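Reading through the structure tokens given below for one structure.
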Amino acid sequence: MDNSILLVQAASGLENLMAGSVPGPLKDSTVAQVSAFIYYQSNVIAKLTTNKQFQNKFTTVMFDQINKDFGEYIDAIARSRPRNMHHVYEWKKTGTPSGRLFNIKILSREGLSFKLGFEFKPSKSLVPSSNSRRRHVFINKASVMEAGMPLKISPRSAERLIFEYNGETIFMPKGASTLVKRPGGPGVKNQFVLAYSRFFNGQLVNNSIKRSKFQQVFNSGLTKAMRLPSSIKKVQYKFYPKTLLTQADAALSQAYGGSL
Amino acid sequence: MTANYKLDAMLELRKFLWKELTERDIFDDEYWSDNVNENLIPIIPVQQLPEMNQFLSGKKHIVYDKIGMSYDENWLICCEQILFTIYSTDISDINETRNFMTDQFRRMDESAKDINKWTGLSNKFKFHSIYLADISPTAPSEELQGFFSADVILEIKYSRITDGSGRFN
Numbered sequence: 001m002d003n004s005i006l007l008v009q010a011a012s013g014l015e016n017l018m019a020g021s022v023p024g025p026l027k028d029s030t031v032a033q034v035s036a037f038i039y040y041q042s043n044v045i046a047k048l049t050t051n052k053q054f055q056n057k058f059t060t061v062m063f064d065q066i067n068k069d070f071g072e073y074i075d076a077i078a079r080s081r082p083r084n085m086h087h088v089y090e091w092k093k094t095g096t097p098s099g100r101l102f103n104i105k106i107l108s109r110e111g112l113s114f115k116l117g118f119e120f121k122p123s124k125s126l127v128p129s130s131n132s133r134r135r136h137v138f139i140n141k142a143s144v145m146e147a148g149m150p151l152k153i154s155p156r157s158a159e160r161l162i163f164e165y166n167g168e169t170i171f172m173p174k175g176a177s178t179l180v181k182r183p184g185g186p187g188v189k190n191q192f193v194l195a196y197s198r199f200f201n202g203q204l205v206n207n208s209i210k211r212s213k214f215q216q217v218f219n220s221g222l223t224k225a226m227r228l229p230s231s232i233k234k235v236q237y238k239f240y241p242k243t244l245l246t247q248a249d250a251a252l253s254q255a256y257g258g259s260l
Numbered sequence: 261m262t263a264n265y266k267l268d269a270m271l272e273l274r275k276f277l278w279k280e281l282t283e284r285d286i287f288d289d290e291y292w293s294d295n296v297n298e299n300l301i302p303i304i305p306v307q308q309l310p311e312m313n314q315f316l317s318g319k320k321h322i323v324y325d326k327i328g329m330s331y332d333e334n335w336l337i338c339c340e341q342i343l344f345t346i347y348s349t350d351i352s353d354i355n356e357t358r359n360f361m362t363d364q365f366r367r368m369d370e371s372a373k374d375i376n377k378w379t380g381l382s383n384k385f386k387f388h389s390i391y392l393a394d395i396s397p398t399a400p401s402e403e404l405q406g407f408f409s410a411d412v413i414l415e416i417k418y419s420r421i422t423d424g425s426g427r428f429n
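For the protein sequence lines, the chains are A and B, in the order given. Residues 1 to 260 (my numbering) are what the first sequence spells out, left to right. Residues 261 to 429 (my numbering) are what the second sequence spells out, left to right.
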């Protein structure tokens, strides 16, 4: 069960204690006031962590920073080791943000936690060729090269395949296909996945989360919302749960600029 | 007087790293180039790797690149990440350099103190912390056949000395 629900359930046990002390000549507000105090703060926290808009804001702040840092990390690796990482960029754009053929995305969310994954984007640029007038696009360049899938190339509209290999022009027999065993070269297979794992299993993602300033989103508003309403600070012998819940709602929307 | 915008904290760190590597005999300084008629420093920016390859003639070297940099609301402090890739044909050379960098740069403000104390540091910078963000295992390099390589990522926080209005001095 979600922690916030448990918190609300536990706090609901305080409702009786907020109802006021037993009738008699001596009146004590302490129990009712302390109960109201805990009840109010429990509900502020529970409402905050279960609120969809807050969850979205929290997730977005963190995801944006991770997305930025991860992209820059892969770009730097690609510039340093283009033979390992050229396949996840458009042709001749290795290491540049505008040439990226990968994205990280949020796969699922639950409360304030979320799962990330990656996807490869289709290539849109023409495969560079110095000797051919017919140009084509290798749409699944990133995913095929990352997986190290052998490629079978067959003539479609042409009579035969003609290509350069080791400086020589090769004329394939009419209608024959050719097999590229390691498209992208021997160094690309699983290299993106390896870099992805290093980023997300090591310190880099933690640094990124710290840089996202998610604590500020959480703390700045929560500190305001947790301030006790003046009604709880005053000596009273009875508190009404509905009033406190309304006050908790109002405090949260005020603390987060009405975004809740 | 205008500030010298050619100064860069990454280059200061590179100079400091080279001084330490040679003082500890991890690298020698015999990277002579006839073309420029002087010894080269084999810690080179990634953009110059193709041009420099011919001068390195199979010797161990380090390639570096800036991953990213950012200023927070506290705009006096810059946070920067730098990727160093160590190349060598001998795996123990890589381990030695990587272990040295770990020892030198993992201590945050203590590591920053070391570079701040160094007399070769430009007086326009003050380092606040240096932190080892990531180290990779050593693996055969695809870029340079016959070489091994390993990555070290440093995260540095520093300030550029400013004038009264907060501009670079």
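Idealized CB from N, CA, C, for every residue including glycine. All of these numbers come straight from a predicted model, not from anything done at the bench.
A/S197 sits away from A/S177, with the two beta carbons spaced by 7 Å or more. With respect to chain B, the C-beta atom of A/A76 has a partner C-beta closer than 7 Å. Pairing A/E168 with B/T345, the inter-Cα distance amounts to about 35 Å. With respect to chain A, the C-beta atom of B/D423 has no partner C-beta closer than 7 Å. With contacts defined as CB atoms closer than 7 Å, B/E403 and A/R182 fail to qualify as a contacting pair. Assigned with DSSP and collapsed to three states, B/F407 falls in coil, not helix or strand.
In the DSSP assignment, A/N190 falls outside any beta strand (DSSP E), carrying neither H nor E. Excluding its 5 nearest sequence neighbours in each direction, B/K275 has C-beta neighbours in its own chain below 7 Å: G380, listed in chain order. Note that the C-beta distance between A/T59 and A/F118 is not below 7 Å. Listed along chain B, the residues sitting closer than 7 Å to A/Q203 by beta-carbon distance are A393, D394.
In the structure shown, A/R83 adopts helical secondary structure according to DSSP, grouped into three states. Within chain B, the residues whose beta carbon sits less than 7 Å from that of A/Y73 are I327, listed in sequence order. When the five nearest sequence neighbours on each side are left out, the beta carbons in the same chain lying within less than 6 Å of the beta carbon of B/R366 are those of L392, in order along the chain. Secondary structure of A/Y196 (DSSP, three-state): helix. Less than 7 Å separates the beta-carbon of B/F408 from that of B/T398. For the segment 335 to 347 of chain B, the set of positions with a beta-carbon nearer than 7 Å to some beta-carbon of chain A reads L343, T345 in chain order. Looking only at A/P150, A/F171, A/S129, the smallest Cα-Cα distance to A/L179 is reached by A/P150.
By the Cβ rule, the segment 279 to 295 of chain B counts as touching the segment 311 to 323 of chain B, because three or more pairs are nearer than 8 Å.
The DSSP-derived three-state label of A/V127 is coil.
Contact of B/V412 with chain A is not assigned, every C-beta pair being separated by 7 Å or more.
Of the residues assessed, A/H136 falls on the exposed side of the cut-off, its CB having fewer than 16 other CB atoms within 10 angstroms.
With contacts defined by Cβ atoms closer than 7 Å, B/S419 and B/I342 do not form a contacting pair. For a Cβ distance threshold of 9 Å, residue set S80, R81, P82, R83, N84, G187 of chain A lies close to B/E403, ordered along the chain. A/P173 carries a coil assignment under DSSP once its states are collapsed to helix, strand and coil.
Burial check for A/T94: the Cβ neighbour count within 10 Å reaches 16 or more, so the residue is buried.
Unbroken beta strand (DSSP E) stretches of 3 residues or longer found wholly inside the segment 29 to 110 of chain A: 102 to 110, given in chain order. Only exposed fits B/L267, as fewer than 16 other CB atoms lie within 10 angstroms of its CB. Chain A places no beta carbon closer than 7 Å to that of B/V296, leaving this residue out of the contacts.
For B/I327, there is no enclosing alpha helix (DSSP H); the residue is part of the beta strand (DSSP E) that begins and ends at 321 to 331. The Cβ of A/N166 sits no closer than 7 Å to any Cβ of chain B. For A/N190, there are no neighbours in chain B by C-beta distance under 8 Å, as the nearest C-beta there is about 12 Å away. Along the segment 57 to 70 of chain A, going in chain order, the ones with a CB nearer than 8 Å to a CB of chain B are K68, D69. According to the DSSP assignment, B/I346 belongs to no alpha helix (DSSP H) but to the beta strand (DSSP E) extending over 337 to 348. Listed along chain B are A393, E415, each with a C-beta nearer than 7 Å to that of A/N207. The criterion of a C-beta distance shorter than 7 Å is satisfied by A/K47 and A/A248.
In the DSSP annotation of this structure, the continuous segment of the alpha helix (DSSP H) that includes A/V205 starts and ends at 203 to 211.
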